[in-house]
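Student: Dropping the structure in here first, questions after.
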Amino acid sequence: MTDWTETYRPSTLSAVRGNDKARDALAEWGQTWDDHREAAVIHGSPGVGKTSAAHALAADMGWETVELNASDQRTADVIERFAGRASKNATLAGSTGADDTGGRQLVILDEADNIHGNYDRGGASAVTRVVKDADQPIVLIANDYYEMSRGLRNACQEIEFRDVSARSIVPVLRDICRREEIDFEADALDRIAEVNDGDLRSAVNDLQAAAEATHRLTVDDVVTSDRDRSLDVFPFLDAVLKEESAEEAVQSAYRVDETPDDLTKWVAENAPKVYDGAELARAYDHLANADRWLGRVRATQEYGYWRYATDALAGGVAAARDGSKGGWTRFARPQFWPSSDATADEVVRAIAERGGFSIATARREVLPFLAAMTHHCNPREVTVAMAAYYDLDEAAVSFVTGSGETTNKVESIVADAEELRESAMVEESGAFGGRSTLDEKRGDAVAADGESENADGDGSENDADPDTEADEDNNQAGLSDFM
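Residue 395 in our numbering sits at position 366 of the sequence shown; the count goes up by one each step and never skips.
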């Protein structure tokens, strides 16, 4: 089944619902672009139609579109190469003339509020330069207007999309039902609109879920759907890993109030507690497929792909099981699940700032890598070096490694990391870059434990082999060497 949010995306600005004032301002901005040549920033909550409005404007104006994602096109040189080139490109028809509004390109830059200056190696200033020098109209899309830099905000015309009221959502749902030939009770649509007050996209998704198996939608269907969505994640894990068929598992996934991204983490963490051998291998194949779909969502912001990820993480994993399983299982939270959103944000920001990464890259790529490398604070020296490099406290080390925050192990690692940072400052070599400091710390560990580990983690003894020790130094000189 196709995603209704895509099927019924408005193709003209007149079809955009719930934000008449913003819609009219966007239309005026487009019609007068030759006079002011400013970029526009459309901001508001997720699901209110910002990106759809930009595409609808392009359709009304006869403009081609070039869509980029700011969170993936982060560094200054990449932004200037792609967004800058797009903003100055001739269109496919070969026209860049200011007198031909039908021959222009509309550059749509999504997630413009996810560019954070130094963390993105000049990305914010690069976008500002592109916006000021553009020969084509540019629309920036943002959820949080004030997360954008002041310079970028000042270079754009602001257009705010407000949450869509339930009263404005109902006509959209009614129109979709008529086009899908679904009979409906008015109260059923009212209920969906009320539950999703403000988020039109979510309301359409809920309508599709409720109407998927019926040609007459009643308020009981909607109430049941709303109640079922509150299914707890632990019964969901029982359903997928032990009890339900692939089809039933997919329906259970839609009833859990978690994103497919989070559900994938839950299933991946707990599958080994129930599956083994060939079952587990098949389950992880399906989880890998789900992760590929989630990667496509992150790259394109097309949330319709969530459906395929859900099919894989729930239906695929359930299908990998050889029959049903009984008994009780102590399911665990995902290993890298943030115990504190504030701690998670602090860690991600520290990684981004220290390593020169984007916030998104630090969260999705670097943090899982660090967590795998330092799981339960092993190897200890690498964990100390990581804590020193990013200046992490006990809560942050606990978050990354999965160890208890108040354990002696974590506290001693943070203390050693502080000592390592102080030594590095004295030597002016950097906590991770100074091999002499790390060598001293490693020598202390060897003297105390009577052994050292190879860089590949095989645990073999190499004290008497200077070549092996030299290789270890080269490989463990610091995380900064491979970031």
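We treat Cβ as the ideally placed atom computed from N, Cα and C, and that holds for glycine. Computed from a predicted structure; not experimentally measured.
1. Sort Leu202, Ile211, Tyr334, Ser353 by Cα distance to leucine 266 and report the nearest one.
2. Roughly how many whole angstroms lie between the Cα atoms of leucine 467 and aspartate 420?
3. Report yes if the CB atom of valine 199 is closer than 8 Å to the CB atom of alanine 217, and no otherwise.
4. Beta carbon of alanine 391, beta carbon of alanine 381: below 8 Å?
5. Return helix, strand or coil for isoleucine 211, following the three-state DSSP convention.
6. With a cut-off of 8 Å on the beta carbons, I'd call histidine 65 and tyrosine 174 a contact; round off their distance for me.
7. Residue range of the alpha helix (DSSP H) that alanine 328 falls in?
8. Distance, Cα to Cα, aspartate 340 vs valine 233?
9. Going straight from the alpha carbon of valine 248 to that of threonine 31, what length do you get?
10. Near alanine 44, what residues of its chain come up, given a Cβ to Cβ distance below 6 Å and the 5 sequence neighbours on each side ignored?
11. Work out the CA separation of glycine 385 and tyrosine 148 for me, nearest whole Å.
12. Compare the beta carbon distance of alanine 446 and alanine 417 with 8 Å and say whether it is the shorter of the two.
13. Compute the distance between the beta-carbons of aspartate 139 and threonine 94, then report whether it is under 8 Å.
14. Identify every residue that forms a DSSP beta bridge with threonine 94.
15. Relative to the alpha-carbon of valine 70, which residue among Asp320, Glu214, Asn172 has its alpha-carbon at the smallest distance?
16. With contact counted as at least three CB pairs below 8 Å, one residue from each stretch, are the region 302-321 and the region 272-281 in contact?
17. Is leucine 236 helix, strand or coil by DSSP?
18. Buried or exposed: which applies to lysine 50, given that a residue is buried once 16 or more other Cβ atoms fall within 10 Å of its Cβ?
19. Use the C-beta contact count for lysine 302: other C-beta atoms within 10 angstroms, 16 or more gives buried, fewer gives exposed.
20. In the DSSP output, which residue or residues are listed as bridge partners for leucine 246?
21. Between the C-alpha atoms of tryptophan 357 and leucine 323, what's the straight-line distance to the nearest angstrom?
22. How is glycine 355 classed by DSSP in three states: helix, strand or coil?
23. Report yes if the CB atom of valine 429 is closer than 8 Å to the CB atom of leucine 399, and no otherwise.
24. On the DSSP bridge assignment, give the partners of alanine 27 in chain order.
25. Which residue or residues does DSSP assign as beta-bridge partners of valine 395?
26. So, are the CB atoms of threonine 243 and aspartate 250 less than 8 Å apart?
27. CA-CA distance, lysine 271 and valine 443?
28. For aspartate 162, tell me which candidate among Ala56, Met177, Ala348, Leu181 has the shortest Cα-Cα distance.
29. Near alanine 56, which residues of its chain fall below 6 Å by C-beta distance, leaving aside the five closest residues on each side in sequence?
30. With distances taken Cα to Cα, identify the nearest neighbour of isoleucine 167 among Ala215, Asp192, Met177, Arg133.
31. On the criterion of 16 or more Cβ atoms from any shown chain inside 10 Å, does arginine 52 qualify as buried, or is it exposed?
32. DSSP state of glycine 180, grouped into three classes?
33. How many angstroms separate the CA atom of methionine 415 from the CA atom of arginine 158?
34. I'd like the span of the alpha helix (DSSP H) that includes arginine 336, first residue to last.
35. Reducing DSSP to helix, strand and coil, say where glycine 59 ends up.
36. Would alanine 240 and alanine 348 be called neighbours here (beta carbons separated by less than 8 Å)?
Tutor: For this structure:
1. Mapped onto the sequence shown, residue 266 falls at position 237. Out of Leu202, Ile211, Tyr334, Ser353, the CA that lies nearest to the CA of leucine 266 is found in Ser353.
2. Numbered from 1 along the sequence shown, position 438 holds the residue referred to as residue 467. Numbered from 1 along the sequence shown, position 391 holds the residue referred to as residue 420. With a pLDDT of 42 at leucine 467, under the threshold of 50, the modelled position of this residue cannot be trusted; read the value that follows with caution. Going from the Cα of leucine 467 to the Cα of aspartate 420 covers about 16 Å.
3. Residue numbering aside, residue 199 sits at position 170 when the sequence shown is read from its first letter. Residue numbering aside, residue 217 sits at position 188 when the sequence shown is read from its first letter. Contact: no.
4. Sequence index remark: in the sequence shown, residue 391 carries index 362 (1-based). Sequence index remark: in the sequence shown, residue 381 carries index 352 (1-based). Yes.
5. Position 182 of the sequence shown, counted from the first residue, corresponds to residue 211. Residue state, collapsed to three classes: coil.
6. Your numbering for residue 65 matches position 36 in the sequence shown. Your numbering for residue 174 matches position 145 in the sequence shown. Histidine 65 to tyrosine 174, Cβ: 19 Å. No contact.
7. If you number the sequence shown from 1, residue 328 lands on position 299. 306-329 is the extent of the alpha helix (DSSP H) around alanine 328.
8. As a first step, residue 340 must be located in the sequence shown, where it is residue number 311. As a first step, residue 233 must be located in the sequence shown, where it is residue number 204. When only Cα atoms are considered, aspartate 340 and valine 233 end up about 19 Å apart.
9. Counted from its first residue, the sequence shown places residue 248 at position 219. Counted from its first residue, the sequence shown places residue 31 at position 2. Their Cα atoms are separated by approximately 24 Å.
10. Sequence index remark: in the sequence shown, residue 44 carries index 15 (1-based). If you ignore the 5 residues before and after alanine 44, its C-beta comes within less than 6 Å of no other C-beta in its own chain.
11. Here residue 148 refers to the residue found at position 119 of the sequence shown. Here residue 385 refers to the residue found at position 356 of the sequence shown. Unreliable positioning characterises tyrosine 148 in this predicted model, as indicated by a pLDDT of 44, which lies under 50. The coordinate reading is nonetheless provided below. Tyrosine 148 and glycine 385 have their C-alpha atoms roughly 6 Å apart.
12. The count along the sequence shown starts at 1 and reaches residue 446 at position 417. The count along the sequence shown starts at 1 and reaches residue 417 at position 388. The answer is yes: Cβ separation under 8 Å.
13. As a working note, residue 139 is residue 110 in the sequence shown. As a working note, residue 94 is residue 65 in the sequence shown. Not closer than 8 Å, so no.
14. Position 65 of the sequence shown, counted from the first residue, corresponds to residue 94. DSSP lists Leu135 as the bridge partner or partners of threonine 94.
15. In the sequence shown, residue 70 corresponds to position 41, counting from 1. Here the closest residue by C-alpha is Asn172.
16. no
17. Looking up residue 236 in the sequence shown gives position 207. Correct three-state label for leucine 236: helix.
18. Translated into positions along the sequence shown, residue 50 becomes position 21. The residue is exposed, with fewer than 16 neighbouring Cβ atoms inside 10 Å.
19. For the purposes of this step, residue 302 is taken as the residue at position 273 of the sequence shown. Lysine 302 should be labelled exposed.
20. Here residue 246 refers to the residue found at position 217 of the sequence shown. DSSP output for leucine 246 lists Phe213 as bridge partner(s).
21. As a working mapping, residue 357 is identified with position 328 in the sequence shown. As a working mapping, residue 323 is identified with position 294 in the sequence shown. Looking at the two C-alpha atoms, the distance is approximately 30 Å.
22. The residue you call residue 355 lines up with position 326 of the sequence shown. In the structure shown, glycine 355 sits in coil (DSSP, three-state: anything other than H, G, I, E or B).
23. For this step, residue 429 is matched to residue 400 along the sequence shown. For this step, residue 399 is matched to residue 370 along the sequence shown. Using a Cβ distance threshold of 8 Å, valine 429 and leucine 399 count as a contacting pair.
24. With the chain represented from 30 up to 512, any question about residue 27 goes unanswered, as that position is not in the structure.
25. Walking along the sequence shown from the start, residue 395 turns up at place 366. DSSP, once it has assigned bridges, lists no residue as partnering valine 395.
26. For the purposes of this step, residue 243 is taken as the residue at position 214 of the sequence shown. For the purposes of this step, residue 250 is taken as the residue at position 221 of the sequence shown. Yes, Cβ-Cβ distance for threonine 243 and aspartate 250 is below 8 Å.
27. If you number the sequence shown from 1, residue 271 lands on position 242. If you number the sequence shown from 1, residue 443 lands on position 414. Answer to the nearest angstrom: the Cα atoms are 41 Å apart.
28. Locating residue 162 in the sequence shown gives position 133, where the first residue counts as 1. Nearest option by C-alpha distance: Leu181.
29. The sequence position of residue 56 within the sequence shown is 27, counting from 1. Cβ within range, chain order: Leu42.
30. Position 138 of the sequence shown, counted from the start, is the residue given in the question as residue 167. Closest by alpha carbon: Arg133.
31. Taking the sequence shown and counting its residues from 1, one reaches residue 52 at position 23. With 16 or more other CB atoms across the displayed protein chains lying within 10 angstroms of its CB, arginine 52 is buried.
32. Your numbering for residue 180 matches position 151 in the sequence shown. Note: glycine 180 maps to helix in three-state DSSP.
33. Taking the sequence shown and counting its residues from 1, the one referred to as residue 415 is at position 386. Taking the sequence shown and counting its residues from 1, the one referred to as residue 158 is at position 129. Roughly 36 Å separates the two Cα atoms.
34. The sequence position of residue 336 within the sequence shown is 307, counting from 1. Where arginine 336 is concerned, the enclosing alpha helix (DSSP H) stretches over 335-339.
35. Locating residue 59 in the sequence shown gives position 30, counting from the first residue. The answer is helix: DSSP assigns glycine 59 an H, G or I state.
36. Here residue 240 is taken as the residue at index 211 of the sequence shown, counted from 1. Here residue 348 is taken as the residue at index 319 of the sequence shown, counted from 1. No, Cβ-Cβ distance for alanine 240 and alanine 348 is not below 8 Å.
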